[in-house]
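See below for the structure under consideration.
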Amino acid sequence: MELLVNNKKYKIDTSPDEKLLDTLRKLGFNSVRRGCNTASCCVCTVIVDKKPVLSCSYLTNRAAGKEIFTVEGFGDKAKKIASLLAEEGADQCGYCGPALINTIIGLEFENDKPTIDEINDFLKANLCRCTGYQGQLRAIEKYFNI
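See the structure below:
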């Protein structure tokens, strides 16, 4: 099968039950992390056709013909968000950072002027054990200029 990841085509062989998380890691996208492996923590979030998806439960075969992005594919936009998160003390261990950045960008695709309530609702499933969530929220507010 062929996958389009970060605007680059990859030809791969997969099993019918292979998850997108495993495929992306095999391709070298180590920013895609394994957390709970049950679609509960959002640490594996990537963008598929401008929507955040949990790659630990998303079959690779479903991604054929779709546009997939990892944090590496967002370049300066991802760096800007990462910088804001760091400024607000919201990126301590960094494990959940790539998925959080992908989720923020996914929110931006859907709503480029979200309210605080919309941000909180969109991010409610993202688990971070290090920072609490106030620093993240401050950084996201800065990103959206709220």
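For the sequence shown, position 93 matches number 93 in the numbering used here, and the numbering has no gaps at all.
Even for Gly, the Cβ is constructed at its ideal location relative to N, Cα and C.
Keep in mind that this is a model prediction, so the values were computed, not measured.
Beta bridge counterpart(s) of residue i as assigned by DSSP
i    : result
P52  : I47
K19  : L59
I101 : Partner(s): none; I101 has no beta bridge.
I68  : V5, V48
Cβ pair residue i, residue j closer than 8 Å
i    : j    : result
Y10  : L20  : no
L127 : V43  : yes
K66  : D91  : no
P98  : R25  : no
E72  : N7   : no
I104 : Y58  : no
Q136 : L100 : yes
I146 : I116 : yes
A64  : M1   : yes
Endpoints, the beta strand (DSSP E) within which residue i is located
i   : result
Y10 : 8-11
L4  : 2-5
Cα-Cα separation between residue i and residue j, rounded to whole angstroms
i    : j    : result
K80  : L107 : 15 Å
S55  : A39  : 8 Å
K51  : F109 : 8 Å
K113 : L85  : 19 Å
G75  : D17  : 31 Å
N102 : I12  : 24 Å
S83  : T60  : 31 Å
C41  : G35  : 7 Å
G28  : D121 : 32 Å
C130 : E118 : 23 Å
Delimiting residues of the alpha helix (DSSP H) encompassing residue i
i    : result
S83  : 75-87
I116 : 116-123
Q136 : 134-143
8 Å contact criterion, which residue i and residue j should meet: CB distance rounded
i    : j   : result
T70  : S15 : The Cβ separation is near 21 Å, so there is no contact.
A139 : E87 : 7 Å
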